[in-house]
Amino acid sequence: MFFPPSLAGVSRSVTIAAAYLMSVTTLSCKDSLKVLRGARSIANPNCGFQKQLHQFEFQRLTEERRRLRERYPKQSFQVDEKECRKLLVIYHATTKSKEACGGICRRYGPPPSPKRRSPHRDNPRSS
C-alpha cells in the first residue's frame, strides 16, 4: 500500500488514503483506518483530520461515490473492495492476537511534530 509523503506518513497521508478507500469501497471511516493501520501500524490521523473524515463520511461520501460511478462507469472498484476486506480480516486477527495495537501504538508515542525554531536562535535580525 502506498502512502503519499508527509511527516513520517502518520497523519495527513493516512487521511488522504482513508478518504480514497471510503470513496471506492463500501468501507466506513473506522474500517478504512483499520485497513490502513493493518498496513502501517503507526497510521494515526490527528484529531482534526479524523473529524474531517467523519464529516466526509456523513455529509459527502454518498455523493462522492455516485460521482465516481458516473465519471468512471467502466471502472470496477471490486478489486479494491476485495483487497480491503482481506486486509480488514488480517487486521482483526492481528489485533486479537496482540500483534497490532488496534489504534494508537503506545510504543511509538504520539506522531512527530515539526521542530519549532526559537525566534532569537539563528536569526541574524534579532542579534
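Under our numbering, think of the first position of the sequence shown as 1165, with each following residue one higher.
All C-beta atoms in this analysis are idealised placements derived from N, C-alpha and C, irrespective of residue type, glycine included.
Please read all numbers here as calculations on a predicted model, not as lab measurements.
Check                                                                                                                                                         : Outcome
Do the stretch 1235 to 1252 and the stretch 1213 to 1221 touch if we need at least three Cβ pairs shorter than 8 Å?                                           : no
Would you list, in sequence order, the uninterrupted alpha helix (DSSP H) runs of no fewer than 4 residues that lie entirely inside the stretch 1182 to 1244? : 1193 to 1203, 1211 to 1219 and 1225 to 1235
Which of helix, strand or coil does DSSP assign to Ser1175?                                                                                                   : coil
Taking 6 Å as the limit between beta carbons, can you name the residues of its chain near Ala1207, skipping five residues before and five after?              : Val1178, Leu1200 and Arg1201
If Ser1187 sits next to Arg1229, beta carbons under 8 Å apart, how far is it from one beta carbon to the other, in whole angstroms?                           : 6 Å
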